[in-house]
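Chains A and B, in that order, give the protein sequences.
Just so it is clear: in the first sequence, position 139 is 139 by this note's numbering, and no numbers are missing.
Just so it is clear: in the second sequence, position 35 is 35 by this note's numbering, and no numbers are missing.
Glycine residues also receive a C-beta, built at the ideal position from the N, C-alpha and C atoms.
Presented below is the structure to which this report refers.
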Amino acid sequence: MKQKLVVVGNGMAGMRAVEELLKIAPDMYDITVFGDEPYPNYNRIMLSPVLANEQTIDDIILNTREWYAENNITLRTSARVNKIDRKARTVTAEDGTTVPYDRLLLATGSKPFILPIPGADLQGVLGYRDIKDTNDMIEAAKTHKHAVVIGGGLLGLEAANGLKIQGMDVTVVHKNEWLLERQLDKVSGKMLQKSLEARGLTFLLQKDTEQLIAKDGRVVAVRFKDGQEIPADLVVMAVGIRPNYALAASAGIHCNRGIVVNDTMQTYDPRIYAVGECVSHRGMTYGLVAPLFEMAKVCATHLANFGIGLYKGSVTSTKLKVTGIDLFSAGDFMGSDDTEEILLHDAVGGVYKKLVIKDDTIIGAVLYGDTTDGAWYFQLLRDRKPIHEIRDHLMFGQDSLGNTGHQGQDKVSAMTDEMEVCGCNGVCKGTIVKAIQEKGLFTLDDVKKQTKAGSSCGSCTGLVEQILASTLGGGYAPPSSSKAVCGCTDFNHEEVREEIRKHKYLSIPSAMKGMGWKTPNGCATCRPALNYYLISTWPHEAKDDPQSRFINERVHANIQKDGTYSVVPRMYGGVTSPDQLRKIADVADKYKVPMVKVTGGQRIDLLGVKKEDLTNMWADLDMPSGYAYGKSIRTVKTCVGSEFCRFGTQNSTQLGIDIEKAFDHMWAPHKVKFAVSGCPRNCAESGIKDVGVIGVDSGWEIYVGGNGGIKTEVAQFLCKVKTAEEVIEYSGAFIQLYREEARYLDRTVHWIERVGLDYVKKRILEDAEGRKAAYERLLYALQGAVDPWAERVNKRDEHKEFDTITV
Amino acid sequence: MSWTKICPVNDIPALGARVVRHGEIDIGVFRTQDDRVFALNNSCPHKGGPLSQGIVYGDKVACPLHSWKISLVDGKAEEPDVGQTACYAVKVENGDVYLQLNK
Chain A
1 MKQKLVVVGN GMAGMRAVEE LLKIAPDMYD ITVFGDEPYP NYNRIMLSPV
51 LANEQTIDDI ILNTREWYAE NNITLRTSAR VNKIDRKART VTAEDGTTVP
101 YDRLLLATGS KPFILPIPGA DLQGVLGYRD IKDTNDMIEA AKTHKHAVVI
151 GGGLLGLEAA NGLKIQGMDV TVVHKNEWLL ERQLDKVSGK MLQKSLEARG
201 LTFLLQKDTE QLIAKDGRVV AVRFKDGQEI PADLVVMAVG IRPNYALAAS
251 AGIHCNRGIV VNDTMQTYDP RIYAVGECVS HRGMTYGLVA PLFEMAKVCA
301 THLANFGIGL YKGSVTSTKL KVTGIDLFSA GDFMGSDDTE EILLHDAVGG
351 VYKKLVIKDD TIIGAVLYGD TTDGAWYFQL LRDRKPIHEI RDHLMFGQDS
401 LGNTGHQGQD KVSAMTDEME VCGCNGVCKG TIVKAIQEKG LFTLDDVKKQ
451 TKAGSSCGSC TGLVEQILAS TLGGGYAPPS SSKAVCGCTD FNHEEVREEI
501 RKHKYLSIPS AMKGMGWKTP NGCATCRPAL NYYLISTWPH EAKDDPQSRF
551 INERVHANIQ KDGTYSVVPR MYGGVTSPDQ LRKIADVADK YKVPMVKVTG
601 GQRIDLLGVK KEDLTNMWAD LDMPSGYAYG KSIRTVKTCV GSEFCRFGTQ
651 NSTQLGIDIE KAFDHMWAPH KVKFAVSGCP RNCAESGIKD VGVIGVDSGW
701 EIYVGGNGGI KTEVAQFLCK VKTAEEVIEY SGAFIQLYRE EARYLDRTVH
751 WIERVGLDYV KKRILEDAEG RKAAYERLLY ALQGAVDPWA ERVNKRDEHK
801 EFDTITV
Chain B
1 MSWTKICPVN DIPALGARVV RHGEIDIGVF RTQDDRVFAL NNSCPHKGGP
51 LSQGIVYGDK VACPLHSWKI SLVDGKAEEP DVGQTACYAV KVENGDVYLQ
101 LNK
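As C-alpha cells, then:
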C-alpha cells in the first residue's frame with residue numbers, strides 16, 4: 001500500500017514540491033492535490049504580462065491537466081479545503097469531499113490585504129492575486145474609464161501599468177513619500193515616478209484613503225482623509241499580502257503571522273509540512289518565488305524520507321516587471337550610521353546606482369536605469385565576499401559579458417525583440433523572453449537548455465541573465481558562486497577536491513562511491529572534472545581514465561565539424577626549421593591534407609585528417625604533439641627578441657623555448673597560454689595570456705590572468721625578476737597553484753577573480769619556501785611524461801580505438 | 001535476419017565505443033559500465049557528429065560536437081532537444097559482439 005500525500009494548495013510552491021518529490025521518489029505516494037481556483041498550476045508571476053497584453057492565460061500554465069494525469073495525481077480544482085482533522089488524519093473540502101492522508105503538505109499561499117475601510121466590499125473593488133482578478137480587470141477596462149490603484153509597491157505598479165495598457169486612466173495612490181519604499185531609496189523612487197508619469201500614469205503620494213463611494217452598489221469614487229475625492233470605476237487594492245494560514249490555525253497548528261515551520265519545512269505536527277508564502281520560517285515570511293522553490297526542494301527530500309535538506313532562509317532581490325523600466329534592489333539598501341555607501345547618479349542619463357557597504361562587504365544595492373550588474377552585486381552580497389581589492393572599480397560593474405557576438409549591446413533593456421543575443425546559436429531576445437514566459441523557466445540553466453542561448457561559448461550569459469531577471473522580476477535568484485559540480489552530486493568543486501585529497505581517492509569509481517554520487521557513472525560534465533582533480537592531486541598515483549576525457553584528449557587531436565581531426569605538432573617557441581617544414585609538407589601531401597594553416601600560436605595546423613590516419617601520420621611526422629586540443633599547456637608565443645631585433649632587450653625566443661620545454665605535457669583545469677616578449681613593445685601580446693612575460697633592460701616582468709578570447713582580459717602585473725630561471729620558477733609556481741586550486745574549466749583569470757590577486761601574490765612572492773615547493777610539485781607531476789603521439793605510434797596494439805572495424 | 005560477428009566485447013572499452021564500417025555506413029558500437037552493448041548509427045541527429053567519439057555514461061552518450069545527449073537504448077535525444085538516430089539490433093554471445101546488418 002502506498003502512503004497518501006495530500007497537498008492543499010495548487011500553486012507554484014506546492015506543485016514545485018510535488019515535482020521535486022516525483023524526481024527523487026516517483027512511486028512513494030498516492031498524491032491528491034486540492035486547489036481552490038478552477039485552473040491547474042500556473043505561473044502567478046506572469047499575471048502582469050497577461051494584464052499588459054504580452055501573454056495569455058494559456059501561455060502561463062505550468063502544469064497541464066494531462067501532467068497531473070500522467071503522474072497519477074488526483075487533482076481537485078475549485079475545491080477549497082476548510083477542515084483538517086489531525087486525529088483522523090483527513091482533510092475535508094467545502095464540497096464535502098474527505099480524503100485521508102499519511103502526510104499533508106500545506107501550500108495555501110497568501111491573500112491580498114484589503115484595507116478595512118467603508119466600501120471595500122463594493123462591486124469594482126479587487127485585490128490582485130489570481131487569474132480571476134486579472135480577468136476582472138481586463139473586463140472592467142472594456143467598459144470603464146477611471147482606475148485607482150491603492151498601493152505603490154511592485155504589485156500595484158505592475159497592475160497600474162497593465163490597466164494603462166488596457167486603456168484606462170490610472171491613478172496610483174500611495175501612503176509613502178516615494179514609490180516602492182521597500183525596494184528603492186528616495187532618489188531612485190522619484191526617478192521611477194518620473195518615468196512612469198511619462199507613460200501617462202498619475203500619482204497621489206502621501207495620501208490616506210478614507211472610504212470608497214458607491215452608486216448602485218458599484219464604486220464610483222475614492223475619498224481621502226484630506227477631503228479630496230477622485231473618480232474611480234475600478235479600485236485595485238495592492239497594499240500588501242498576508243500569509244494565508246487560517247486553515248492551519250483552525251486545526252490547532254502553531255502559527256505566528258504564518259504557519260511556523262522548522263528548517264525541514266515541518267510544522268509542529270510532524271505529519272504536516274508547509275511551504276510557500278503561507279509559511280513563517282525563522283520569523284520571516286517570503287512573497288517571492290525563488291525562496292519558495294528552495295523550500296520546495298528541501299521539503300521534497302523530507303517527504304521522500306531522505307532527510308538531508310535544510311532550508312536556512314533566503315536573501316532576496318527584486319526587479320519590477322514593467323517593460324522598459326529597469327530597477328533592481330537587494331538587501332539593506334537604505335543603510336544606516338555604521339554603513340558606507342558608493343553612489344553614482346546621472347539624473348539626465350536616468351542612471352542611479354547605490355551600493356551599501358559594511359565591514360568590507362556589500363550589504364545592500366539599488367540600481368535604477370542600468371541593472372546590468374544586479375546579479376553580480378547580489379552574488380557578492382549573498383556570498384559576503386570582501387570587496388577591498390575591487391572597490392575602486394566596483395561601481396563600474398563586473399563587465400562579465402563577452403566582447404563580441406551581440407552587436408556591442410550590454411544592456412538588455414536597450415535591445416529590441418529581434419536583436420540577436422546569442423551569436424553562436426542565433427537566438428534573439430524575443431525568443432528567450434517567450435520561452436521564459438511560456439515554458440515557465442526560472443534558472444539560467446533552464447534557459448540555456450531550452451533556448452540554447454549562452455550554451456556554446458557562454459559570452460552572452462550576462463545578457464541572458466538580465467533577460468531572465470527582468471522577465472521574472474523577483475522570481476529570479478542568480479546561482480550562488482559555489483554551486484554543485486553537476487546534477488550527479490551535491491558537492492561543489494572545492495569540496496570534491498578536498499574529499500579527493502582527504503580520502504586519497506585514486507580512481508573515478510572509488511571517488512564516486514566515497515562521495516555518494518547519485519548516478520552510477522556520472523555524466524559528461526563531472527567525469528572529466530573528476531579525472532582532472534584525481535590526476536592533479538595524486539600525480540603518478542591516480543589512474544588517468546581515457547573514457548572520462550573529452551575525445552580530443554583521448555585521441556590527442558582536435559575533432560572538427562565533419563568528424564575529422566586536426567594535427568598540430570609542437571614548434572617550441574614558434575621556432576621551426578627547413579627540415580621540419582619539409583617534413584610537414586611531405587606529410588600533408590602523403591595524406592592529402594585538405595588544409596594547411598598557420599595558427600595564432602605560431603605553429604602549423606594540418607586540418608581534415610581521418611582518425612584512422614592519425615597514428616601513421618604521427619609516425620611520419622616524428623614531431624612531438626603540440627597539445628593543441630587539450631586542457632593543457634598550449635603554446636609559448638614569442639617575439640624575435642634580442643638575437644635579431646634592434647629594440648630587443650632580452651632573448652625572448654630562447655626563454656619561450658625553455659618555458660615550453662619545462663612545462664610540456666602539463667594538464668590543467670583549462671588551456672594555458674604563455675607569451676614572452678623581448679621588450680615593452682610586447683609584440684608577443686603578453687598582456688592577454690595566462691602568463692605573459694616582458695623583457696626589460698634590467699630583467700623580466702611577469703603578468704598573469706590575461707585572456708584574449710570570449711572576454712578580453714588584460715593580464716595583471718605579478719612581479720619583476722632578474723633572471724630567466726626565476727621566470728620559470730615563479731611562473732611554474734603560479735601555474736601549479738592554478739592547477740591545484742582552480743575549478744575545472746576555469747581559466748587563470750577566473751581563478752584569480754575568485755581568490756584575489758593579493759592571495760596569489762602572498763603565495764608566490766611573500767612565501768619563498770611555498771613558491772619553491774609549488775614549483776617542485778609541478779616538476780614532480782611532469783616527471784617522466786612521454787609524448788602521447790610517440791606512445792601511440794610505439795604501442796599500436798594498446799590503442800585499438802584508432803582502428804575502424806570493417807565488415 | 002542474420003547476425004554478423006563484429007569483435008570480442010573486450011575490444012570495446014567499458015564506457016567507450018568502436019566504429020564498425022559497413023559499406024558506406026559507420027555504426028557506433030557502445031559498451032556501458034555494466035557490459036551492456038548497443039549499436040547506433042554513428043551520426044548525431046543534430047549535426048551528424050560521430051557519436052562513437054562521445055563520452056558514455058549510464059546508457060547515454062554525449063555527442064562530441066555540441067553535447068547533445070543521445071540514449072543508447074532507443075537513439076533518442078534527451079529533452080528538450082528533439083531527434084532520433086537509427087539503432088541496430090546487437091547481441092553478445094560467448095564474449096563476442098554480433099550485429100544485425102541487413103536492414
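Per DSSP, the bridge partner or partners of residue i
i, result
"E713/A", "N707/A"
"P50/B", "The partner list for P50/B (beta bridge, DSSP) is empty, contrary to what the question assumes."
"S329/A", "T318/A, V366/A"
"R182/A", "None, per the DSSP bridge assignment."
"F293/A", "The partner list for F293/A (beta bridge, DSSP) is empty, contrary to what the question assumes."
"Y565/A", "I559/A, V609/A"
"N492/A", "A484/A"
"S625/A", "P569/A"
"N41/B", "I27/B"
"D96/B", "P8/B, E93/B"
"Q123/A", "R218/A"
"K60/B", "Y57/B, S71/B"
"V134/A", "Note on identity: in this sequence residue 134/A is Thr, with Val being the wrong assignment. Per DSSP, none; premise fails for T134/A."
"V239/A", "Note: V239/A sits in no beta bridge, so no partner."
"P112/A", "I241/A"
"F224/A", "T209/A"
"C87/B", "L40/B"
Cross-chain neighbours of residue i in chain A, by beta carbon under 7 Å
i, result
"Q105/B", "Outside the shown range of chain B (1 to 103) lies residue 105/B, about which nothing can therefore be said."
"V50/B", "The question names Val, yet the displayed sequence has Pro at residue 50/B. Simply G563."
"A62/B", "A524"
"T85/B", "Near T85/B there are no residues of chain A at all, since even the closest Cβ is about 14 Å away, more than 7 Å."
9 Å Cβ cut-off: residues of chain A touching residue i
i, result
"R18/B", "K800, E801, D803, T804, I805"
"R21/B", "T804, I805, T806, V807"
Under 8 Å from the C-beta of residue i: neighbouring residues of chain B
i, result
"Q547/A", "P13, A14, L15, G16, I55, V56"
"F550/A", "I55, P64"
Chain B residues whose Cβ lies nearer than 7 Å to that of residue i
i, result
"Q450/A", "P80"
"R103/A", "Neighbours of R103/A on chain B: none; closest Cβ ~30 Å, over 7 Å."
"R527/A", "I55, Y57"
Residue i at chain C interface by Cβ criterion, 7 Å
i, result
"A524/A", "In the structure shown, chain C does not exist; the protein chains are A and B."
8 Å Cβ cut-off: residues of chain A touching residue i
i, result
"L40/B", "Result: empty, since nearest Cβ-Cβ is about 14 Å, beyond 8 Å."
"L101/B", "V807"
"I6/B", "I805, V807"
Whole-number beta carbon distance between residue j and residue i, since they are thought to touch under 8 Å
i, j, result
"V90/B", "L99/B", "5 Å"
"L355/A", "L320/A", "Incorrect: roughly 19 Å between the Cβ atoms, too far for contact."
"V691/A", "F717/A", "Not confirmed; about 12 Å, so no contact."
"V325/A", "V412/A", "Residue identity differs from the one stated: residue 325/A is Ile in this sequence, not Val. That belief does not hold up - the Cβ atoms of I325/A and V412/A are roughly 12 Å apart, past 8 Å."
"D359/A", "L310/A", "Between L310/A and D359/A the Cβ distance is about 26 Å, and since that is not below 8 Å, they are no contact."
"G374/A", "F328/A", "4 Å"
"L757/A", "E389/A", "7 Å"
"A300/A", "Y476/A", "21 Å between Cβ atoms; not a contact."
"I559/A", "P64/B", "5 Å"
Neighbour list for residue i in chain B, Cβ cutoff strictly below 9 Å
i, result
"I559/A", "G49, P50, Q53, P64, L65"
So, do the region 593-604 of chain A and the region 554-574 of chain A have three or more beta carbon pairs nearer to each other than 8 Å?
Touching, yes, given that three or more Cβ pairs across the two stretches are closer than 8 Å.
Three or more C-beta pairs closer than 8 Å, one from the region 630-640 of chain A and one from the region 650-668 of chain A: is that the case here?
Yes, the region 630-640 of chain A touches the region 650-668 of chain A.
Three-pair Cβ contact test at 8 Å for the region 5-20 of chain A versus the region 30-45 of chain A:
Put simply, the region 5-20 of chain A touches the region 30-45 of chain A. At least three CB pairs are less than 8 Å apart.
Between the region 59-75 of chain A and the region 39-46 of chain A, can you find at least three pairs of beta-carbon atoms closer than 8 Å?
Yes: the two stretches touch, three or more of their Cβ pairs being nearer than 8 Å.
Can you confirm whether the region 135-148 of chain A touches the region 226-235 of chain A when touching is taken to mean that 3 or more C-beta pairs between the two stretches lie within less than 8 Å?
Segment contact: the region 226-235 of chain A against the region 135-148 of chain A, three or more CB-CB distances shorter than 8 Å; contact assigned.
Evaluate the contact criterion for the region 5-13 of chain B versus the region 513-530 of chain A: three or more CB pairs, one atom per stretch, below 8 Å.
No: fewer than three Cβ pairs fall under 8 Å.
Which runs of the beta strand (DSSP E) at least 3 residues long sit entirely within the region 720-799 of chain A? Give them in chain order.
Correct list: empty.
Residue ranges of each beta strand (DSSP E) run of no fewer than 3 residues wholly in the region 365-449 of chain A, ordered along the chain?
Runs found: 420-422.
Could you tell me whether the region 598-612 of chain A touches the region 567-586 of chain A, where touching means 3 or more Cβ pairs closer than 8 Å?
With contact defined as three or more Cβ pairs closer than 8 Å, the region 598-612 of chain A and the region 567-586 of chain A are in contact.
Under 8 Å, with one C-beta from each stretch per pair, do the region 727-735 of chain A and the region 773-781 of chain A reach the 3-pair mark?
These segments touch.
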